[in-house]
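According to our numbering, the residues represented by the sequence shown are 918 to 1246, in order.
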Amino acid sequence: MSYHIYGIGNALVDKEFEVDDAFFARTGIEKGLMTLIDAEQLETNLARLNADYGLKKRASGGSAANTIIAAAYFGAKAYYTCSVANDETGDFFVADIKAAGVDTNMDGERDDGVTGKCLVMVTPDAERTMNTYLGISTELRDHHVDEAALAQSQYAYLEGYLVTSDTSRQAAIAVRDLARKHGVKVAMTFSDPAMVQFFKDGLVEMLGDGIDLLFCNEQEAKLFSGETSTEAALAAMQQVAKHVVVTCGAEGALIWDGENAHRIEPHSVTAVDSNGAGDMFAGAYLYAITHGYDAAAAGRLASLASATVVSQFGPRLSAEQHAPLKHVL
């Protein structure tokens, strides 16, 4: 087997800013949500953020990309399918993801266009607000999929954000179907409550007749299932996935591994930036279960890793921060 995880998702370069609540009042940007914006809104908002606050950090991003890079830093062999343009931002993304040891379909000729960008605005309460310009990520298509790499993987990992574009959603479904064809397990994340709220039919299409592993937070689980309690939502999600992970923020996580339920204890930290917490949880979890650990051990690692990432600025940890966390396994 060549890869532990084959991911497919948006390829974005995150531009992170520390802002105050007054910024949202001035601009009318809705706090706490991921909002899709067009090129004109991107330029306007970026100019305001640069003028008022200054850029804090730039990194290759996208939900699944963060997850795949985290898994790779823990020691997984990973591949990432995405779409970036033949521009400076695309060059940065490819160099960044390759530096993490992740193979990608973008390591070669790329189409002309504009690489996607995400403006990440973090407030003093550690909440993150995202304005995303998808750019050429909306052009992610079936032909970007590397069937040979997928066939040699243990898990395929689908990003829920792909639901917003017809072509990228179909590419994700193609990965799911090819994974089934080659006996590869399928994992998926809902990515954001807005995806469940506004694109539920598309997510149902991506889930098909059920997947092997689903990651969601409690708000997403409740929205999808219509249940009001987290426990009932977890039970309902077992209808669409054999193995379900529901993250509960500062309360830890609930996991159904197909046979038993596990409550994963949280780690008490001072949150600085919640951006990337769910992505890190999934990356650590996928690393652990593809390396012979059970759901409880995977949950322990994922809980510690996500707590560590929210205690600093940015959606990922540095490469050297990963290995010491593995003591909880």
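Glycine residues also receive a C-beta, built at the ideal position from the N, C-alpha and C atoms.
Checklist entry - How close, in whole Å, do the beta carbons of V1001 and I1053 come, if the pair is a contact with beta carbons under 8 Å? => result 6 Å
Checklist entry - Hey, L1246 and A1205: beta-carbon distance below 8 Å or not? => result yes
Checklist entry - If you draw a straight line from the alpha carbon of L1221 to that of E1122, how long is it in whole angstroms? => result 33 Å
Item to check | Span of the beta strand (DSSP E), counted from its first residue to its last, around M1170 | outcome: It should be noted that the sequence gives Ala, not Met, for residue 1170. Where A1170 is concerned, the enclosing beta strand (DSSP E) stretches over A1170 to W1173.
Next on the checklist: By the three-class DSSP mapping on this structure, what secondary structure does K1117 have?
Outcome noted: helix
Checklist entry - Going by beta carbon distance, what residues of the same chain come within less than 6 Å of S919, once the five residues before and after it are set aside? => result Q1069
Item to check | Residue range of the unbroken beta strand (DSSP E) whose run includes M1023 | outcome: No beta strand (DSSP E) holds M1023; DSSP gives it neither H nor E.
Checklist entry - Start and end of the beta strand (DSSP E) containing V1245? => result Counting along the chain, V1245 falls outside any beta strand (DSSP E), and DSSP gives it neither H nor E.
Checklist entry - What residue ranges within the stretch 989–1053 form continuous alpha helix (DSSP H) runs of no fewer than 4 residues, ordered along the chain? => result 1005–1016
Item to check | For Y1210 and H1244, the rounded distance between their alpha carbons | outcome: 13 Å
Checklist entry - Under the three-state reduction of DSSP, which class applies to E1056: helix, strand or coil? => result helix
Next on the checklist: Taking the beta carbon of G945 as the centre, do at least 16 other beta carbons fall within 10 Å, making it buried, or is it exposed?
Outcome noted: exposed
Item to check | Inter-residue Cα distance where the pair is T1021 and Y997 | outcome: 5 Å
Checklist entry - Per DSSP, R1180 is paired with what? => result L1171
Checklist entry - E1135 and T1147: beta carbons closer than 8 Å? => result yes
Checklist entry - alpha helix (DSSP H) containing A939: first to last residue? => result D938 to T944
Checklist entry - How many angstroms separate the CA atom of M1154 from the CA atom of S1142? => result 7 Å
Next on the checklist: Which same chain residues end up closer than 7 Å to K974 when comparing Cβ atoms and leaving out the 5 residues on each side of it in sequence?
Outcome noted: E933, F1230 and G1231
Item to check | Nearest candidate by alpha-carbon position, reference R1086, set E957, A1043 and F1116 | outcome: F1116
Checklist entry - Tell me the DSSP bridge mates of G978? => result L929
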